[in-house]
Amino acid sequence: GAPEALVDERLLGPDRVEAVRAQVHADADAGRRVLLLARTDEPLIGDALPGGGVPVAVVTFRENVRPDAAETLDYFHAQGVRTVVISGDSPRTVAAVAREVGLEVAGQAYDGRTLPDDPGELADVMAEHDVFGRVSPDQKKAMVQALQSRGHVVAMTGDGVNDALALKTADLGIAMGNAAPATKAVSRMVLLDGRFDRLPRVLGEGRQVIANMERLAHIYLTKTTYALLFGVVFSLFAWQFPLLPRQASTVDFIMIGAPTFFLALLPNPRRYVPGFLGRALRFAIPSGAVILLSMVALQTYVRLTAGDVDLARQQAAFMITLTLLGLWVLSVMSRPLSARVVVLILAMYAVLAAVVLVPASRWYHRMEVPPTDVLVAALVVAALGCGLIEVIHQVHRRHVARVLAAAGA
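Per the working numbering, the sequence shown starts with residue 7, numbered consecutively.
Have a look at this one:
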């Protein structure tokens, strides 16, 4: 059995214990799993060790450390992910293997047999140590819960039945492809080929999804804000809504439908920081208000100076202004601009030009090219609105930078 259980003066005698213990420690410090085989003629009674034992052999197993383990752990360390090693093996063996993959371990690993039962005290121990040996399955589960109690999001990898409880408790349980069926059944993710170096890509894809959701939420919530304000303000003033449904649908397609589909697929390695809805609203509400004020300003100009312009030409001016403002929101939320994003935004401007200039499109949208003075007013209002949105973006960008810096992202 385990040397910690069998290296005992009662079983082996005082003259043999130190020599066997020295051999066991030397093998464990070299990163090997160690079993001690001993024999005795005395009967086993309960849990007490018998006497008169003779050591027969020290059996060692060499740990095969994955060649990609050190590089993968370095990546996670650079990304601000803390690595904790929890094993049922000897603390000396676990410490040696941890050093082999680049983890800093002072002395031997923390012995799980001395872990406190109190959850608060256990959480304190977890905060001070990163490598643990001789940990039981129930203790693994308790350790995951201790980390969670301190606000950590816990992912755990494992392949044995002894890991099943902890894997099920973790926020993200990751089983290896050769894991026990019960372990894979309770895990949320299974690495089918058992390659540890897949995890950085998993993390990258998760961050891409979350970060792009936040980026696109700014755009969607801006549209929701101005659409809501349009309904309220134009109803209060009893003004005719400036766009037909088909025109509004085209604006949504140019501003949201087509570009956000592609933006959602772009790489985005930024760390997740809680509170993305609040950050999105800090940008969306003032930007939506700017778009509303721009449309009200254009509406006022048209009513005061160009009242004889037919409705189809007025709607074209409103559609141009709203689309230009929407595309500016799109452009500021797509920064830093890559070549692909620039091409995408330019393509949306080209679509807007085609909508306004192509006769078949004008017929479908029931609009005509506005007169020069109205067109100039629409462009001026759009330019002023874009300037205000840019100011909002710069203020918002500095706020987000402070939040991310405080979170270490």
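Glycine included, C-beta positions come from ideal geometry on N, C-alpha and C.
All of these numbers come straight from a predicted model, not from anything done at the bench.
- If we ignore side chains and look at the alpha-carbon of each, how far apart do Y226 and M339 end up? 11 Å
- Expressed to the nearest angstrom, what Euclidean distance is found between the alpha-carbon atoms of V296 and A172? 51 Å
- Message: Quick check on A34 - is its C-beta less than 8 Å from some C-beta in chain B?
- Response: This model lacks chain B altogether; it includes just one protein chain.
- Item | Collapsed DSSP secondary structure at T163 in the structure displayed | strand
- Please work out which residues of its chain come closer than 6 Å, Cβ to Cβ, to F289, disregarding the five sequence neighbours upstream and downstream, and give them in chain order. H224, H402
- Query: So, using beta-carbon positions, are R39 and E69 closer together than 8 Å?
  - Reply: Remark: C-beta atoms of R39 and E69 approach each other more closely than 8 Å.
- List in chain order: all unbroken alpha helix (DSSP H) runs of 4+ residues lying wholly within the segment 129–202. 143–155, 170–175, 187–192
- Task: Could you say if the segment 255–270 and the segment 344–353 meet the contact criterion of at least three C-beta pairs nearer than 8 Å?
- Result: Segments in contact, yes.
- Can you name, in chain order, every residue of its own chain whose Cβ lies under 7 Å from the Cβ of P61, other than the five neighbours on each side? Answer for P61: L18, R22, V26, L42, A44, listed in chain order.
- Where does the unbroken beta strand (DSSP E) through F240 begin, and where does it stop? Element bounds for F240: not the beta strand (DSSP E) but the alpha helix (DSSP H), 205–242.
- Is W334 buried or exposed, if buried means 16 or more other CB atoms sit within 10 Å of its CB? buried
- Message: I believe L385 touches Q321 by the beta-carbon criterion, under 8 Å. Please report the beta-carbon distance rounded to the nearest angstrom.
- Response: No, L385 and Q321 are not in contact; Cβ-Cβ is about 16 Å, not under 8 Å.
- Task: Reducing DSSP to helix, strand and coil, say where P56 ends up.
- Result: Reduced to three states, the DSSP call for P56 is coil.
- Could you tell me whether the Cβ atoms of I260 and V357 are closer together than 8 Å? yes
- Query: Under 8 Å between the Cβ atoms of S142 and G118?
  - Reply: yes
- Message: Suppose you measure from the CA of S155 to the CA of T78; what does that come to, to the nearest Å?
- Response: 26 Å
- Message: So if DSSP puts A63 in a beta bridge, which residue, or which two residues, is it bridged to?
- Response: According to the DSSP secondary-structure assignment, A63 is paired through a beta bridge with L43.
- Item | Distance, A389 Cα to N274 Cα | 29 Å
- Item | Where T311 falls, given that 16 or more other Cβ within 10 Å makes a residue buried | Around the C-beta of T311, fewer than 16 other C-beta atoms lie within 10 Å, and the residue is accordingly described as exposed.
- Message: So for V296, helix, strand or coil by DSSP?
- Response: helix
- Query: Would you say the segment 231–247 touches the segment 205–220, given that touching needs at least three Cβ pairs under 8 Å?
  - Reply: The segment 231–247, when compared against the segment 205–220, does not touch it at the 8 Å Cβ threshold.
- Message: For M132 and G263, I'd like the C-alpha separation in whole angstroms.
- Response: Whole-angstrom Cα-Cα distance: 47 Å.
- Message: Threshold first: 4 residues or longer. Then list the alpha helix (DSSP H) segments lying entirely within the segment 241–327, N to C.
- Response: 251–258, 264–269, 282–311
- Nearest-angstrom Cα distance between G166 and G94? 11 Å
- Message: Once DSSP output is grouped into helix, strand and coil, what is the label at D124?
- Response: Correct three-state label for D124: coil.
- Item | Three-state secondary structure assigned by DSSP to V364 | coil
- Task: Report the rounded CA-to-CA distance for H31 versus R98, giving the unit in angstroms.
- Result: 7 Å
- Kindly indicate which three-state DSSP category D14 falls into: helix, strand or coil? Judged by DSSP in its simplified three-state form, D14 adopts coil rather than helix or strand.
- Query: If you drop the 5 nearest sequence neighbours on each side, which residues of the same chain put their C-beta closer than 7 Å to that of D33?
  - Reply: V40, V64, T66
- Query: When the Cβ atoms of the segment 234–246 are set against those of the segment 208–216, are three or more pairs found closer than 8 Å?
  - Reply: no
- Task: Would you identify the three-state DSSP class for R68, choosing helix, strand or coil?
- Result: strand
- Might you give, ordered along the chain, the residues of its own chain that have their beta carbon closer than 8 Å to the beta carbon of Y355, omitting 5 neighbours on each side? L333
- Euclidean distance between Cα positions of L50 and P56: 6 Å
- Under three-state DSSP, which class holds D117? strand
- Message: Looking at the secondary structure, which residues open and close the alpha helix (DSSP H) in which Q29 lies?
- Response: 20–35
- Message: Please state the DSSP three-state secondary structure of V91.
- Response: strand
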